[in-house]
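Notes follow once the structure below has been shown.
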Amino acid sequence: MTRASSSIAIVALLAPALAYAEPEPKTWVAAEEFLGGFRAGDPWLEWGAGLSLRRRVLRHLELGVDGELLRLQDERQRSLGHGFAARIAGEVGVPLTLGITGRQIEWLAIPELGAATMAISGLGPAHRADNEVFVGLRLALRTTGWAASQLDGRAFGAHLDATAARFEGGYGGSVVIGYDWGW
Amino acid sequence: MALAIAATASSAAADSEIAIGPPSAPSHPHTFELGLDAAQADARGAYVAMFGVGVGAALELGRWALFGEIAGGGAIGGNGDQVTVGGVYGATRLGARFHATQVSMAGHTAGIALDLDAGIGGDAELLEHIPSFARPYAFVGWRTRIWTQRHRAMAFALRAAISPALDGPAAVALCRGACSPISEATPADFTIGLTFTRVWQ
């Protein structure tokens, strides 16, 4: 086989793959399990579930908004004191690719900075609302380079978030896992 | 579940025929499921934890579905360290489900989907030494469905429910007199529930 025919053969082999490639998903929706959070100083524990929406806005920037329903446990009164909260958070993150496995799974670390507010019920008049700023690290895996219909997602993934927060009344932290669909 | 996702992805990576354009909902007009049911419910300052089995069925309407579930099993109730009682519970739920998004590959034989649920339901508790009680609730939740065969899937669902704060003799007995006032501290009871089921779709 001549050099020219070899080149033609290689291009012919690569052409379907090149045609198959699609832009990476820019928007991700995630179902999240708020595995646990704590607040020191005026203590409570929290856990629950929520949904998250993420959007890549620049090449190295990702904006997100999360909504969660949480169960709060007042640690000063053991199980006698409990309530619940609706929490909304917004954050900005910088996705950093750690590696790509088999050209199909991208592993990411995403340092994040965000703020959140929560409406609280059940912990008494002293706790109606709270605000926080937080820093976090999201470890994520996402499939890449897949194709699907326009209606449905064309990638999926999972993530683990760990955050440290400064509340109005003290410090705290939380751990969240989630499953992502991207399109 | 992250491992399952990675395994599914690796399986698909090995398949050169990654499919395009999966259907947006399960391929059958009816789906059925069987699995585990669990919940932790506040009961006016006390709590009831439930663990049992459940069955469910859904009528598929495109991207939407109507579903019903029945569950039952063992329950324990307590008030901190003071009271722990055992018993049984039963629960039923009716709701609407939206197939929000999914990714599938290899001709729809493997994939992962996100379903959003909302509806109403109720549970009844029969605990020893406590007057039996039942409560209605409204819930929202989401469900992650993973399948590696066309008509069989595993689903993990999480839901948050709100019900009127428990009142009456059952509340007094369960709290041992330490119930917080309904009007101020505990206007409603909150429940976190989950199901882990096998789905025939």
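Protein sequence lines correspond, in order, to chains A and B. Letter by letter, the first sequence follows residues 1 to 183 in our numbering. Letter by letter, the second sequence follows residues 184 to 384 in our numbering. For each residue, glycine too, the CB sits at the ideal point set by N, CA and C. Being a predicted model, the structure only gives us computed values, none of them experimental.
Does the distance from the CB of Phe34(A) to the CB of Val176(A) come in under 9 Å? Here residue 34(A) refers to the residue found at position 34 of the first sequence. Here residue 176(A) refers to the residue found at position 176 of the first sequence. Yes; because the gap between Cβ atoms is below 9 Å, this pair is in contact.
Cutoff 7 Å; reference Gly324(B); Cβ partners in own chain excluding five residues on either side: Numbered from 1 along the second sequence, position 141 holds the residue referred to as residue 324(B). Answer for Gly324(B): Asp300, Ala340, Leu341, Arg342, Ala343, listed in chain order.
Tell me whether the beta-carbon of Glu24(A) lies closer than 9 Å to the beta-carbon of Ala155(A). The count along the first sequence starts at 1 and reaches residue 24(A) at position 24. The count along the first sequence starts at 1 and reaches residue 155(A) at position 155. Yes; because the gap between Cβ atoms is below 9 Å, this pair is in contact.
What do you reckon, are the CB atoms on Leu269(A) and Leu139(A) nearer than 9 Å? Since the first residue shown for chain A is 1 and the last is 183, residue 269(A) is missing from the structure and cannot be characterised.
Consult DSSP for Pro352(B) and reduce its assignment to one of helix, strand or coil. Indexing the second sequence from 1 puts residue 352(B) at position 169. Helix.
Restricting to Cα atoms, I'd like to know which of Leu45(A), Trp181(A), Gly170(A), Gly67(A) is closest to Arg173(B). Residue 173(B) is absent from the model: chain B starts at 184 and stops at 384.
Own chain residues within Cβ distance below 7 Å of Thr378(B), not counting five before or after: Here residue 378(B) refers to the residue found at position 195 of the second sequence. Excluding positions up to five away in sequence, the list reads Gly218, Leu219, Asp220, Gly237, Ala340.
In chain A, which residues lie with their C-beta within 7 Å of the C-beta of Phe373(B)? The count along the second sequence starts at 1 and reaches residue 373(B) at position 190. Ordered by position in chain A, the residues that pass the 7 Å Cβ test against Phe373(B) are Arg71, Phe84.
Which residues in the same chain as Lys26(A) place their Cβ atom closer than 7 Å to its Cβ, once the five residues preceding and following it in sequence are excluded? Within the first sequence, residue 26(A) is the residue found at index 26, counting from 1. Hits under 7 Å: Arg55, Arg56.
Rounded to whole angstroms, what's the CA-CA distance from Ser52(A) to His312(B)? Just pull it up for me. Here the question's residue 52(A) lines up with position 52 in the first sequence. Here the question's residue 312(B) lines up with position 129 in the second sequence. Rounded to the nearest angstrom, the two C-alpha atoms are 43 Å apart.
Coarse secondary structure for Ile177(A), derived from DSSP in three states: The residue labelled residue 177(A) in the question sits at position 177 within the first sequence. Looking at Ile177(A) - three-state DSSP - the assignment turns out to be strand.
Compare the Cα-Cα distances from Phe167(A) to each of Pro43(A), Ala30(A), Ala86(A) and report the closest residue. Reading the first sequence from its first residue, position 167 is the one you call residue 167(A). Looking at the Cα atoms, Pro43(A) is the closest of the given residues.
What residues from chain A crowd round Leu310(B), counting only those whose CB sits closer than 8 Å? Position 127 of the second sequence, counted from the first residue, corresponds to residue 310(B). Residues of chain A passing the Cβ test: none, with the nearest at roughly 16 Å.
Listed by chain order, chain B residues near Arg154(A) by CB distance under 8 Å: Taking the first residue of the first sequence as 1, we reach residue 154(A) at position 154. Going along chain B in sequence order, the residues near Arg154(A) (Cβ under 8 Å) are Val286.
Tell whether a beta-carbon distance below 9 Å holds between Arg128(A) and Ala119(A). Sequence index remark: in the first sequence, residue 128(A) carries index 128 (1-based). Sequence index remark: in the first sequence, residue 119(A) carries index 119 (1-based). Yes, these two residues count as a Cβ contact at 9 Å.
Under 8 Å by beta carbon: chain A residues contacting Trp325(B): Residue numbering aside, residue 325(B) sits at position 142 when the second sequence is read from its first letter. Correct list: Ala31, Ala49, Leu51.
Nearest-angstrom Cα distance between Ser79(A) and Arg333(B)? Here residue 79(A) corresponds to residue number 79 of the first sequence, with the count starting at 1. Here residue 333(B) corresponds to residue number 150 of the second sequence, with the count starting at 1. Unreliable positioning characterises Ser79(A) in this predicted model, as indicated by a pLDDT of 49, which lies under 50. The coordinate reading is nonetheless provided below. Using only the alpha carbons, I get a separation of about 45 Å.
Just mark Thr374(B) as buried or exposed, buried being the case when its beta carbon has 16 or more other beta carbons within 10 Å. As a first step, residue 374(B) is located in the second sequence; it is residue number 191 there, counting from the start. Buried, since its Cβ has 16 or more Cβ neighbours within 10 Å.
Cβ-based neighbour list, Asn262(B), same chain, cut-off 6 Å, excluding 5 preceding and 5 following: To locate residue 262(B), count along the second sequence from 1; it is residue 79. For Asn262(B), where only same-chain residues beyond five positions count, the Cβ hits under 6 Å are Ala229, Cys358, Arg359.
Going by the beta-carbon positions, is the gap between Arg318(B) and Pro347(B) smaller than 9 Å? Reading the second sequence from its first residue, position 135 is the one you call residue 318(B). Reading the second sequence from its first residue, position 164 is the one you call residue 347(B). Against a cut-off of 9 Å, the Cβ pair of Pro347(B) and Arg318(B) comes out as a contact.
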